[in-house]
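To start, the structure under review is shown below, and the notes come after it.
In this note's numbering, the protein residues as written are 273 to 1267.
Put into structure tokens, the structure is as follows:
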């Protein structure tokens, strides 16, 4: 027996007994048992009946002596949102005061004292109650009083007691209570909540080219209380065809190597399922950004930068950033290189003639140019191949078979006086033979070299054989320099300052002393003339060229009598383009800056990467030329990073880019002025001569495209307009050439007052072809110089007219003006004294009357002389002469009309081209036979036509006659001269004529 008086049984026996009782009770209540339950009853009913029969029998009227008995502990399960609790074991109270009698139907009869009247639950706020299902069997049931929520409380624990219906011996109420049994009830969960993600979205970044075990984790939670429904059993990527997967714990990884070039960012939609297979109500967005493989280097730079001429400095790396991939860097050194070797002679420079450049740099005089651009007077380089470009310098090519002879008198070198040789050279492929740049040698008989400049391998050699003197001893003659620049096939500038016994060589502005000097005897005295050659050396004894040069030459000059100082040399070599750095006050602290003389290489070094970046962002390209050479300039940025252990780290790859210099807007140089005028012959023969360009105007314009304003940009029918804008720039050449026959120096010339050009940078050279003005100066200065140009002809008797052409240019012919043509006519006048004496000898025939006629536009009118006798044969001659005179007059009138019409056209186009007449000295003597011929003309119709034409021409020349009338009266040879009669009638005295 246990402590409650219950018989000692094993738990299995008690369970079988209780289950049999429950099943019997259920059958009694009319419940249908399952087949397994019926089988259970058939199996264990006999055993239970045998056990019950062994219980002691009490009298029916036995008093209530025993307490009800309960199991010490009960475990129950209740589903949330339900009230029935399933207990294990079932709630059954036993009482010994109830003797049982079992029938074969297993119906139990219990005395009143053995009945169970109720159950009582102990505990605070216990949402359960217990009810008796069958008093006789002591069967009970626990149920919830309200709906339970597992999420609020998962389990409950309380105690329960059973009490019977017994009475005492005297019949008074004497109910017995059982001990307190503990009840544990667990609330079963219902899957009522869906998973919810902890974050609204997820983001991650990965580097391309790697496979990650885990990129990021997404996590969802479920509000359900049970492990089955509150746990997330799986995740799923909803977005199709993405190289990612997610495991059951929410970890996302890539399934293949990612490529930044293929995709910069992936957007994934991910959902979650709990263990009850319930899906999340809202999916979550996952963004995975792909980064390029992290390699140290410069970022944020443009590989191509466009430079517009005239805009000043252009920043090359305005957004540069150095990526070090989180490495600790102690210092960084950056070198920026601008590659311009393919532009001109190594970079962009002014393309004026070398002589003009020397003048601009301060070498004012004494410079002789040996390789000038071909022109009318400087034509010895005409046969040499050139680069055929006007955008860069004039470069002459020598292929090893070509040379050019310099005319005598172009340059004279005296070894006893200092002189300078300057040349731009790009030597060809390496060779072991001597290649001569410049050579002065005997013209005939012998092969002596007086002085020469040549290369031999990588050696630069200058030879100077001094003239014979009283001292016969060895003197320095051959100077050797060993230079890598000679054979690197790049452009370099060489300047030799010769002042025997010292010779200094400057290469690209850097001085070099000779490593070897050879001495020789002076040359023997000789009367042989010398020949100066460029590109080879003339062998006078063999009469052929030798030691040909291979490569390119430009700017070869000799300056006699003076040395070129360092400042001029630097000026000649300095580029007009290069790198520029203007570090602002708020940046670039602690940055060391170094630049080469040509500013094509710039080096920056700093310990602070941020300060270095600020300085690099201000590195700019600058081209100071008004009209730079267009094209690509290669750009290279190399960097070296050092760590704190002084070792190189963070290998930074070089950066290659380019600067594209755009085509500048080409200027249009326009020459305007008087195209046609006439002057008296006396003016041409005077010491002043005639000014050819008295009203010349030089302007330069550029044409710009102007986009339409307002909504015109959206209208495809609106076109861009062109606007002409006047600009100011220099000129370097103006050439005046004579049209037709060359100038005859014995009777004509073109002259300029050189004294008035002394303070200008313009030089004048004259030849039989014309005059050339050279030198870099303003357009206004050239206007003034051309205004001073005069034409003289001291034998103008046979001259009718002269035509001249003017062309100006800038940058050694890169920009050329229009051809401005001027025609000057010579007005011939008869000699008044000659006519007077001639007529005085024949007073019986002629009564002379001097009249002023119109200017005849430069026509040389024959001077008619009346004859003393007029026989019949002479009459015929006179008639012919007069007819010729009339023809010439008519022709002259037509010429005047044509000139007048051209003048009107020039005025319409805005040019000042008025006919400038000066007829003060014009006196024409008309043959009196003109009237006689008119009276005896056989064809009256021709007379009327001639008179009508004369009448028309009178209207054209009225103004000219009125202007010259006063001069006629003052300058008449006879005091009794008749007043001017514009009828052109002549009185005759034919009383003595015999026919």
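From the three backbone atoms N, C-alpha and C, an ideal C-beta is built for every residue, glycine too.
Everything numeric in this text was worked out from a predicted model, so none of it was measured.
When rounded, the separation of the alpha-carbon atoms in residue 514 and residue 506 is 19 Å. Taking C-beta atoms as the reference points, residue 894 and residue 616 fail to come closer than 8 Å.
With a cutoff of 8 Å on beta-carbon distance, residue 404 and residue 422 are scored as not near each other. In its chain, beyond the 5 residues on either side, 345, 346, 347, 348, 427, 428 and 429 have a beta carbon closer than 8 Å to the beta carbon of residue 456.
When Cβ pairs closer than 8 Å are counted between the two stretches, the segment 930-948 is seen to touch the segment 1072-1091, the count reaching three or more.
Between residue 487 and residue 524 a beta carbon distance of about 5 Å is seen, short of the 8 Å cut, so the two are scored as contacting. Within the model, the alpha-carbon separation for residue 868 versus residue 715 is close to 45 Å. A straight-line Cα-Cα distance of about 20 Å links residue 1085 and residue 618. Within the model, the alpha-carbon separation for residue 533 versus residue 479 is close to 12 Å.
Beta-carbon to beta-carbon, residue 436 and residue 452 are separated by about 15 Å, too far to satisfy the 8 Å threshold. The residue from 1170, 570, 928 and 975 with its alpha-carbon nearest to that of residue 882 is 570.
Between residue 821 and the set 839, 736 and 706, the nearest pair of CA atoms involves 706. Residue 946 and residue 833 have their C-alpha atoms roughly 44 Å apart. Each of 352, 722 and 468 was checked against the Cα of residue 543, and the nearest Cα belongs to 468. A check of alpha carbon separations from residue 290 across 710, 310, 340 and 361 identifies 361 as the nearest.
As the crow flies, the alpha-carbon of residue 996 is around 6 Å from that of residue 973.
Among the bridge pairs identified by DSSP, residue 546 is matched with 504.
Scanning 764, 668 and 796 for the CA closest to the CA of residue 718 turns up 796.
Under the 10 Å beta carbon count, residue 793 is surrounded by fewer than 16 other beta carbons and is classified as exposed. A distance below 6 Å between beta-carbons, with the five flanking residues on each side excluded, links residue 875 to the following residues of its chain, in chain order: 607 and 866. With a cut-off of 8 Å on Cβ pairs, the segment 884-902 is in contact with the segment 586-605, counting three or more such pairs.
Contact annotation, residue 835 with residue 761: C-beta distance approximately 30 Å; criterion of less than 8 Å not satisfied.
Selection 757, 725, 806 and 397 evaluated against residue 769 yields 725 as nearest (Cα-Cα).
Taken atom to atom, the span from the alpha-carbon of residue 630 to that of residue 624 is near 10 Å. Between residue 568 and residue 970, the CB-CB gap reaches or exceeds 8 Å. In this structure, residue 1006 keeps its C-beta atom at 8 Å or more from the C-beta atom of residue 963.
Within the same chain, 422, 423, 426 and 461 come within 7 Å of residue 497 by CB-CB distance, once the 5 residues on both sides are set aside.
The criterion of a C-beta distance shorter than 8 Å is satisfied by residue 399 and residue 420. The C-alpha of residue 412 is placed about 21 Å away from the C-alpha of residue 306. Note on geometry: alpha-carbon atoms of residue 644 and residue 1171 lie some 40 Å from one another. Within the segment 992-1045, no complete alpha helix (DSSP H) segment of 4 residues or longer occurs. In the DSSP assignment, residue 924 falls outside any alpha helix (DSSP H), carrying neither H nor E. Here residue 1167 carries a helix assignment [DSSP, helix/strand/coil].
An exposed status is given to residue 839, since fewer than 16 other beta-carbon atoms sit within 10 Å of its beta-carbon. Here residue 847 really is in contact with residue 870; their C-beta atoms are around 5 Å apart, less than 8 Å. Ranked by how close their Cα comes to the Cα of residue 697, the residues 710, 690 and 432 have 710 in first place.
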